[in-house]
Amino acid sequence: MSAFNLTILRTYAQTNPSKLPPSVLFSHSATSLTVYDAFPKAIFHFLVLPRAPEPSAGAGSELANLRQLLSGDKARAQQVLASLRADAHALRAEIEEEMLARYGFKWGIWTGFHGAPSMDHLHLHVLSDDLCSDRMKNKKHYNSFHPKLGFFLDIDEVLSWFDADPSYYSTMAKLDAKHYELMLKEDLSCWRCNAHMKNIPTLKTHLQEEWDAEAKREKAKIERRRKMEEKSAQVAENS
DNA sequence: GTTCTAGAAC
DNA sequence: GTTCTAGAAC
Numbered sequence: 001m002s003a004f005n006l007t008i009l010r011t012y013a014q015t016n017p018s019k020l021p022p023s024v025l026f027s028h029s030a031t032s033l034t035v036y037d038a039f040p041k042a043i044f045h046f047l048v049l050p051r052a053p054e055p056s057a058g059a060g061s062e063l064a065n066l067r068q069l070l071s072g073d074k075a076r077a078q079q080v081l082a083s084l085r086a087d088a089h090a091l092r093a094e095i096e097e098e099m100l101a102r103y104g105f106k107w108g109i110w111t112g113f114h115g116a117p118s119m120d121h122l123h124l125h126v127l128s129d130d131l132c133s134d135r136m137k138n139k140k141h142y143n144s145f146h147p148k149l150g151f152f153l154d155i156d157e158v159l160s161w162f163d164a165d166p167s168y169y170s171t172m173a174k175l176d177a178k179h180y181e182l183m184l185k186e187d188l189s190c191w192r193c194n195a196h197m198k199n200i201p202t203l204k205t206h207l208q209e210e211w212d213a214e215a216k217r218e219k220a221k222i223e224r225r226r227k228m229e230e231k232s233a234q235v236a237e238n239s
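Residue 145 in UniProt numbering is what sits at position 145 of the first sequence, and the numbering runs on without skipping anything.
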C-alpha cells in the first residue's frame, strides 16, 4: 500500500474490524472504530471513525467529512456525532488509565475535528495535550491542534452548534476549507502560555519543557496526597 | 497525509 | 557555513 493514500480511513471504516491488524485497530464498538493515528502528534493519538459497512459510503457520502455530514439531515448528523462522542469518552478513560500506569500521572486529552481535514472519511482526533512527538514536524501540524486558533474543533463545541440558533448552525456548518486553511499559517505560539515561538525546533523544545514541568507538578501533588493519606491512616491506627 | 529539497533565513 | 521552511511530488 502506498503512503500516498488519503482514503485509507474509508477502507478501514468499510472493513470488518476483525480483519484489521492489531497494529491499526485499537478497539471498536457497534458504530465506530478506534485506530492508532499512523503519525501521532502526541504521546497518545487515536482516531475514532464511524463505521460504514455499506459500500454507499463513497467520496460524496455524508461520512466523507464533517462538512458533508453537517450539510445533510441535521438529526442524523447529531446522532452520528453523539455516538462518536460517547465512544471517544470511553477511549479517554482508557488513555487516562494508561497515562497513570506508564507515567504515574494523567494530563489533558483533546477530542475534536480538523476544520479542513486532508484525509477522507470523518475522523475524530483523540490526543493527549503534550504534543510531544517526533512526528510533529511543521507549522501546519502544530496549528491544526492549537486549541485557540479555531482549526481544531472540539466535539462538544460542534455539538453545541445543534442547540444554537439555526442561522448560527448553518454558518458554522459551512466549514469553508479556504477559511480554515488560512489558520494553519498563523505564527507559532505556545497553546499553554501564549509565548511566541520563533520556529518549530524552538517550539518543540518549549513544549517538552512545559510537559516536563507539568509532570513534575502532578507527581508532587500525588506524592503529597499519598503522604497525607499515610498520616491519617496512622492517626486512625493510634486512636 | 508524508517525503524531498531548493532556497530563504540565520 | 548550517538550519529551517514551504511547495511540489507522491
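All C-beta atoms, glycine included, are put in the ideal place defined by N, C-alpha and C.
From a predicted model like this one, the values you see are computed outputs, not experimental measurements.
Does the separation of the CB atoms of residue i and residue j fall below 7 Å?
i, j, result
"Gly108", "Asp87", "no"
"Lys203", "Leu131", "It is worth fixing the name first, because residue 203 is Leu in this sequence and not Lys. Not closer than 7 Å, so no."
"Leu127", "His45", "yes"
"Ile105", "Glu237", "In the sequence under discussion, the amino acid at residue 105 is Phe, which differs from the Ile named in the question. Not closer than 7 Å, so no."
"Gln14", "Ala38", "no"
"Leu81", "Leu175", "no"
"Arg192", "Glu210", "yes"
Beta strand (DSSP E) containing residue i: first to last residue?
i, result
"Ile109", "Ile109 to His114"
"Val126", "Leu124 to Ser128"
"Thr34", "Ser32 to Tyr36"
"residue 241", "Any answer about residue 241 is impossible in this case: the structure gives the chain only from 1 up to 239."
Could you tell me how far apart the beta carbons of residue i and residue j are, in whole angstroms, since I believe they sit closer than 8 Å?
i, j, result
"Leu70", "Leu63", "With a Cβ gap of about 12 Å, Leu70 and Leu63 do not count as contacting."
"Ser133", "Ala213", "Incorrect: roughly 18 Å between the Cβ atoms, too far for contact."
"Gln78", "Phe4", "Incorrect: roughly 34 Å between the Cβ atoms, too far for contact."
"Leu122", "Leu66", "6 Å"
"Ala116", "Tyr180", "4 Å"
"Ser23", "Leu84", "In fact, because the Cβ distance is near 23 Å, the residues do not count as touching under 8 Å."
"Ala215", "Tyr103", "7 Å"
Please return the same chain residues whose Cβ sits closer than 6 Å to the Cβ of residue i, not counting the five positions on each side in sequence.
i, result
"Phe152", "Gly112 and Phe145"
"Thr7", "Asp120"
"Ser170", "none"
"Thr34", "Phe26, Ser27, Phe46, Val48 and Leu91"
Residue range of the alpha helix (DSSP H) that residue i falls in?
i, result
"Pro166", "Pro166 to Ala173"
"Asp87", "Lys74 to Tyr103"
"Val24", "Where Val24 is concerned, there is no enclosing alpha helix (DSSP H), given that its DSSP letter is neither H nor E."
"His45", "Counting along the chain, His45 falls outside any alpha helix (DSSP H), though it belongs to the beta strand (DSSP E) covering His45 to Pro50."
"Met228", "Ile200 to Asn238"
"His146", "No alpha helix (DSSP H) holds His146; DSSP gives it neither H nor E."
"Gly181", "Note that residue 181 is Glu in the sequence shown here, rather than Gly. Where Glu181 is concerned, the enclosing alpha helix (DSSP H) stretches over Ala177 to Met183."
"Thr7", "Where Thr7 is concerned, there is no enclosing alpha helix (DSSP H), given that its DSSP letter is neither H nor E."
"Arg192", "That residue, Arg192, is in no alpha helix (DSSP H); it is neither H nor E in DSSP."
"Leu69", "Leu66 to Ser71"
Keeping to the same chain, check which residues put their C-beta closer than 7 Å to that of residue i; ignore five residues upstream and five downstream.
i, result
"Asp187", "His196"
"Leu58", "For the record, residue 58 in the displayed sequence is Gly; it is not Leu. Excluding sequence neighbours, Gly58 sits near nothing in its chain."
"Ala177", "Ala116"
"Asp156", "none"
By Cβ distance, which residues of its chain are closer than 8 Å to residue i, with the 5 residues on each side in sequence left out?
i, result
"Asp154", "Trp110, Thr111, Gly112 and Pro147"
"Glu98", "Phe44"
(message) Tell me whether the stretch 9-29 and the stretch 135-142 touch, counting them as touching only if at least three CB pairs, one residue from each stretch, are closer than 8 Å.
(response) No, they do not touch.
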